[in-house]
Amino acid sequence: MTRFLKVISYIFHPLFIPIGGTLAYFAIAPYSSLAQQSGNILPIFILTVIIPIIFFLILKNLKLVTSVFAPTIQERKYPLLISIALYLMILYKVIPQNYISELYFFFVGLLTASVSLFVLLLLKFKTSIHLLGMGSLLLFLVGLSIHFEVNITIAIGMATLLSGLVATSRLYLKAHTIPELVIGFIVGACSQLFLFKFWL
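The number in our numbering is simply the position in the sequence shown, starting from 1, with 654 added.
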């Protein structure tokens, strides 16, 4: 059981949420072009997966972090600051070149949620970044379903189930308390929900 839940924590690591949301958008959007896909998927993958991994290796070499899960409040500050900088780069350099409002506000939501978590860290409160990511992705899927008027109930149901599984994993591995998980999910979900009025 422990090994299975560790695998879940790795597979649904918040590192993969931005590219997951991007791929979900292009899988659901009925009018996305090949140019839009190639102009967004690759740079977003590089900026949100490859570059953070490189930064993690550097931080680990400098002994500023000990694990990809950044277990302490101090360790979490560095990945969050890096994420905030990379989200800003995506919003200012990647998406505007091939503007897609749905993706733009998805990343605005991720940026808002990350800044909120960083403020909570400054207040010495550790929140689950895993659940922030799952909450963001789940609400983004709900928004896409409403926006494009498509039935993706199965995808939304799977995202809900996986959110519960990730929460169980983090709780079982003693990485977080229940309040830390709940607040992380709420911050992620609300950061997307409050932006619906701008693109739905």
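By construction, the Cβ of each residue, glycine as well, lies at the ideal position given by its N, Cα and C atoms.
Requested in this report: Going by CA-CA distance only, name the one from 782, 753, 748 and 741 that's closest to residue 686.
Outcome: Ranking 782, 753, 748 and 741 by Cα distance to residue 686 puts 753 first.
Query - Presumed contact (8 Å Cβ cut-off) between residue 838 and residue 786, rounded CB distance - result: 5 Å
Query raised in the report: For the candidate residues 794, 701 and 704, whose alpha-carbon lies nearest to that of residue 683?
Result: 794
Report task. Answer with buried or exposed for residue 721, where buried requires no fewer than 16 other C-beta atoms within 10 angstroms of its C-beta. Result -> That one is exposed.
Requested in this report: Could you tell me if residue 788 is buried or exposed, where buried requires 16 or more neighbouring beta carbons within 10 angstroms of its beta carbon?
Outcome: Buried, since its Cβ has 16 or more Cβ neighbours within 10 Å.
**Report entry** Segment limits, alpha helix (DSSP H) that includes residue 741
**Finding:** 727 to 743
**Report entry** Residue range of the alpha helix (DSSP H) that includes residue 856
**Finding:** Missing from the structure shown is residue 856; the chain here goes from 655 to 854 and no further.
Requested in this report: Could you check what DSSP says for residue 780 in three-state terms: helix, strand or coil?
Outcome: For residue 780, the three-state secondary structure derived from DSSP is coil.
Requested in this report: For residue 845, collect the residues of the same chain with a Cβ closer than 6 Å to its Cβ; drop the 5 residues on either side in sequence, then sort them by chain order.
Outcome: Around residue 845: 763, 766 and 767.
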